[in-house]
Structures are given as C-alpha cells and as structure tokens.
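Engineer: I have a structure here, written as structure tokens, and I will follow up with some questions on it.
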Ligand code: F0G
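Residue numbers (our numbering): -18 to 416.
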C-alpha cells in the first residue's frame, strides 16, 4: 500500500516521500503523520489473518506490533525490521482497582509487560526499523527515561549507535540503568525535558543523527498497535472509555489515529472515548482544554511531579492530541501527587503494579466517576504504561512514609506497607505474626 508523510495541518496537508528523514513539515513546520492510499483488505479477512498469526513462530508474527503490519504499511519490505517480540501485553481484570475507581468492572492493558518494560517498545520497533531502512548509523532522543531505555535496546539490537539525552537527576534509576546496560552513550543535561528536546533537534540536524522522540511519525505508527491488539483481544468489541496518562502526548495521538483507522476500515463499530490524565504540576494539555478557543497551548515552564515520566511542560504532539480527544468526544483530567500515589498502591494490591505515571489512570478514573463523567457501569480499559520495577525508590518511600511531593509536602502512606525489622527469634516472630 503506497505510504507518504503528510503534514498534519489541515491548511497545509503537504506530502513528502516516506523515506525523507524529517519530523516536521518543511513548508509550514507542523507535525507529520504517515498516511496510506489504496484499498485495505476487507475487515473479516484481516481479523482472520491476524488471529492466525498468533500461532506462528515467525518473528514478525510473534511481535504484537508487526502481527498487525497491514495497519502500519510504511516499509517496502521487512528486511530492516528489528523486533524484540514487543507487544503481546495482557488485558488484566482488576476488581479492587475497579471498586477504588468507582466502577463495577475495570481492565488494565499493561504495557509494562514489554521487553524493556514500557509502551515505548511498541513505537520503537517501528522507529528503529525505519532508521535501519534509511541507512542511519546513529539515533538520538531526549527522554524522561522510558524512551531512552527502549531506544537503547532496539538500536543496539539493530547495530545502531544510541545517544540519549536526559534531564540530570530527574529520571528514575531503573530507567537510567537500562540505558547504560543497553549500551547507550548517555548525556545528562542540566535542563528540563522541553529544553533538551530543542537542543537535540539542533544536534540531530547538524550531525545527521536520526531522531527517535515521539515527533517521529513511525513511533506513532507502532504505538497504534496497542489499540489494535486491545481490540483483537476483546474480539473487536470496543470499550466505552480508554484511559491513559498524558505527557508529551504521543500516545494520545497514536491511540486516536488507531481508533479512527479501525473505524474507517470497518474493524470496529463505535469509537471509545479517550480520557487523558495529567499530573497537577505538569498539566499544560488540561489547561488548554479549559480555554475557549483551544488554539494555543501555553507551556508550563517548570513542570513538577514525582511521576517523572510525565514531567513535561511543553508537549510537542498537542495539536494531534487535541484533534484525537475532540474526535473521540474525550476528556482531559488532572490528579494530585497524593491521588497518584494512593492509586498506585491499589494497583499494586491487585497483584499488578505499575510505575507512578501509569497510576494517574486509576486516580483519574476515580475523579471522573465521582464527577459523573464516567458511569459506574461503563466498560473501561486503562492503559498502564510502565512496569512496577521502573521506579522502586518511589515505592519504598511511599510505603515507609518518606515520599515527598515537589515543594516538600509529605505524601500520606494511605495504603502503606512498611517492612518490619524482627529479631532472629522464632517465638517472637510467631507472636508478632499472631497479633
Ligand atoms: N507513561 C510513561 C510510563 C511514560 O514513560 C510516558 C512518557 C508517558 C506515560 C506519557 O506518554 O508522552 O506519549 O504522552 N515518557 C516519555 C519518555 C516522554 O521520554 O520516556 P506520552
């Protein structure tokens, strides 16, 4: 199916070759997206084909991204594909979390089950494969941690040199450790995410390095498959709501594009509504939605949140995200540090666990059901974006009552579970356990 890069701006819609190493429209500066022409295979045939591939041992079929390759047909052939068998992430029912969130029933789609522990792998397999196709040697990204961990893994697997830029002291050790282990040249910059993104763009142009942040349209293509897989696992019954955390807003853009394409190709009969949840101290998209015109996002200059993954004040993909939230009749909500921390502990008590940014989903659901925006009997899927082990320091501090929000306010360990120091004495331990 012929593929092109298309300017996202309605006023421009300029088209460029799919093999141009560009991230913004050279004519007007807007975001770019991958677009396809030609006839899609009939929906029933696609569904049968994709289901059949689940029993295949071919690497491309075992990937929960490339299994759905008819939805992301930007490559001419699959020789350049680098896969770590990403995707294949489960839908997990979570009754305790449902009750906490004011719902009869709730399922999590847990992207933390990915090879590097976050949803970034769904997009990175596509971004890295495009880099190989273009003959690139070096790739770069700025990251709050997960993108860099994922990019480091996929580019090393592909024989590319990964160069990552991170805000010094502002990413979790779990994520930093992954980048080091996967062999990334790691540069810690004394600046925040938004400032570093501007820097990396300049360097990428100057040095001919391929940029793998979510402005890269191929990352977005890969992240679309999170939704395709969700629908496949639900036998093509869309939920009423899909809830996700919002940072740089690449995922919101990807989910919306996937839903529109699935609807247009006849694979789903209705559009779920998107609910995007932001952290209170880092909520420029929420602020935008409160304005009448919604025409210009005002960046938060010094974003603050312990959910460092979504500590982003100037999200690049906001025009796409705005379009997708509007198209899906969606909402944007914000939650406090305390609400995120408690929701995270509840997700842990379900035996599931996730990193702080992911827990914003359940905190948001609790608020949206209390406000009557989401009905208690709605069919809701929340996407957990990162693995529980990404940020163990946060967990320990919460459970021991040492967690402090930005500004120094202590987080209450509402569901705290402190380790107990005991003597090496069976009787004393037995007495303690019987109490
Ligand atoms: N959840 C997690 C765990 C993340 O790592 C991110 C983004 C988000 C949610 C937000 O997703 O940006 O698509 O709205 N992390 C990026 C990074 C920015 O550099 O790893 P988004």
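Glycine included, each C-beta is placed from N, C-alpha and C at the ideal position. All figures in this text were calculated on a predicted structure; none of them were measured in a lab.
Residue 223 by DSSP, collapsed to three states: which one?
Structural biologist: Here residue 223 sits in strand by DSSP.
Engineer: With hydrogens ignored, establish whether the beta-carbon of residue 95 is closer than 7 Å to any heavy atom of ligand 1.
Structural biologist: No, ligand 1 has no heavy atom inside 7 Å of this Cβ.
Engineer: Taking the alpha-carbon positions, what's the residue 347 to residue 310 distance?
Structural biologist: Going by the C-alpha atoms only, they are around 19 Å apart.
Engineer: DSSP three-state label for residue 296, please.
Structural biologist: Reduced to three states, the DSSP call for residue 296 is coil.
Engineer: Note down, one range per segment and in chain order, each alpha helix (DSSP H) of at least 4 residues found wholly within the segment 196 to 220.
Structural biologist: Counting only runs of 4 or more, we get 198 to 214.
Engineer: Report all residues from its chain with a CB closer than 7 Å to the CB of residue 308; omit the five preceding and five following residues, and keep chain order.
Structural biologist: Excluding positions up to five away in sequence, the list reads 237, 241.
Engineer: Applying the criterion that 16 or more other CB atoms from any shown protein chain within 10 Å of the CB defines a buried residue, is residue 316 buried or exposed?
Structural biologist: Buried.
Engineer: Can you tell me where the beta strand (DSSP E) with residue 237 in it begins and where it stops?
Structural biologist: Careful: residue 237 lies outside any beta strand (DSSP E), inside the alpha helix (DSSP H) at 231 to 245.
Engineer: Residue 304 by DSSP, collapsed to three states: which one?
Structural biologist: Correct three-state label for residue 304: helix.
Engineer: Buried or exposed for residue 4, please, with buried defined as at least 16 other CB atoms from any protein chain shown within 10 angstroms of its CB.
Structural biologist: Buried, because 16 or more other Cβ atoms sit within 10 Å of the Cβ of residue 4.
Engineer: When you measure from the CB of residue 339 to every non-hydrogen atom of ligand 1, does any distance come out below 7 Å?
Structural biologist: It does: the Cβ of residue 339 is within 7 Å (strictly closer) of some heavy atom of ligand 1.
Engineer: Kindly indicate the opening and closing residues of the beta strand (DSSP E) around residue 16.
Structural biologist: Looking at the DSSP string, the run of the beta strand (DSSP E) that includes residue 16 is 13 to 17.
Engineer: Can you tell me where the alpha helix (DSSP H) with residue 181 in it begins and where it stops?
Structural biologist: 174 to 188 is the span of the alpha helix (DSSP H), which, as asked, contains residue 181.
Engineer: Determine the burial state of residue 91: buried for a count of at least 16 other Cβ atoms within 10 Å of its Cβ, exposed for fewer.
Structural biologist: Classification for residue 91: buried.
Engineer: Identify whether residue 74 lies in helix, strand or coil by the three-state DSSP scheme.
Structural biologist: DSSP places residue 74 in strand when its eight states are reduced to three.
Engineer: Could you pull out every residue in the same chain whose Cβ sits closer than 8 Å to the Cβ of residue 1, ignoring the five residues on either side in sequence?
Structural biologist: Cβ neighbours of residue 1 beyond the five flanking positions: -14.
Engineer: Check the C-beta distance from residue 421 over to residue 178 and give it rounded, since I have them as a contact under 8 Å.
Structural biologist: There is simply no residue 421 to check, as the chain begins at -18 and stops at 416 in what is shown.
Engineer: If you count every other CB in all the chains shown that lies within 10 Å of the CB of residue 332, and 16 or more means buried, which is it?
Structural biologist: With fewer than 16 other Cβ atoms within 10 Å, it is exposed.
Engineer: Run through DSSP, which three-state label would residue 5 get?
Structural biologist: Residue 5 falls in the strand class under three-state DSSP.
Engineer: To the nearest angstrom, report how far apart residue 71 and residue 11 are at their CA atoms.
Structural biologist: Roughly 35 Å between the two C-alpha positions.
Engineer: Which term fits residue 116, buried or exposed, when burial requires 16 or more other beta carbons within 10 angstroms of its beta carbon?
Structural biologist: It counts as exposed.
Engineer: By a C-beta neighbour count over all protein chains shown, 10 Å radius and 16 as the cutoff for buried, is residue 173 buried or exposed?
Structural biologist: Result: buried.
Engineer: Curious, which full-length alpha helix (DSSP H) runs of at least 4 residues does the segment 316 to 362 contain?
Structural biologist: Fully enclosed alpha helix (DSSP H) runs of 4 or longer: 318 to 330, 337 to 351.
Engineer: Under 8 Å Cβ to Cβ from residue 184, same chain only, skipping five residues before and after it: list those, please.
Structural biologist: Result list for residue 184: 121, 190, in chain order.
Engineer: Please classify residue 217 as buried or exposed, where buried requires at least 16 neighbouring CB atoms within 10 angstroms.
Structural biologist: Answer is exposed; the Cβ neighbour count stays below 16.
Engineer: On the DSSP bridge list, what partners appear for residue -15?
Structural biologist: Partner(s): -2, 16.
Engineer: What do you get for residue 104, buried or exposed, if any count of 16 or more other CB atoms within 10 angstroms of its CB means buried?
Structural biologist: Its Cβ being crowded by 16 or more others within 10 Å, residue 104 is buried.
Engineer: Residue 108 and residue 229 - do their beta-carbons sit closer together than 8 Å?
Structural biologist: Contact flag unset, no.
Engineer: Where does residue 281 sit, in a helix, a strand or coil, going by DSSP?
Structural biologist: It is coil, neither helix nor strand.
Engineer: Please classify residue 36: does DSSP put it in a helix, a strand, or coil?
Structural biologist: The answer is coil: DSSP assigns residue 36 none of H, G, I, E or B.
Engineer: Helix, strand or coil for residue 118? Go by DSSP, reduced to three states.
Structural biologist: Residue 118: coil per DSSP, three-state reduction.
Engineer: Is residue 344 closer than 8 Å to residue 366 when the C-beta atoms are compared?
Structural biologist: No.
Engineer: Below 8 Å on the Cβ atoms is my contact criterion, and I expect residue 155 with residue 372 to pass it. Report the Cβ-Cβ distance as a whole number of Å.
Structural biologist: Correct: roughly 6 Å between the Cβ atoms.
Engineer: Using only the heavy atoms of ligand 1, determine whether one of them is closer than 7 Å to the beta carbon of residue 262.
Structural biologist: Answer for residue 262: no, Cβ out of range of ligand 1.
Engineer: Residues in its own chain within less than 6 Å of residue 18 by CB, not counting five upstream and five downstream?
Structural biologist: Cβ neighbours of residue 18 beyond the five flanking positions: -17.
Engineer: Cβ atoms of residue 233 and residue 306: under 8 Å apart, would you say?
Structural biologist: Cβ atoms of residue 306 and residue 233: closer than 8 Å.
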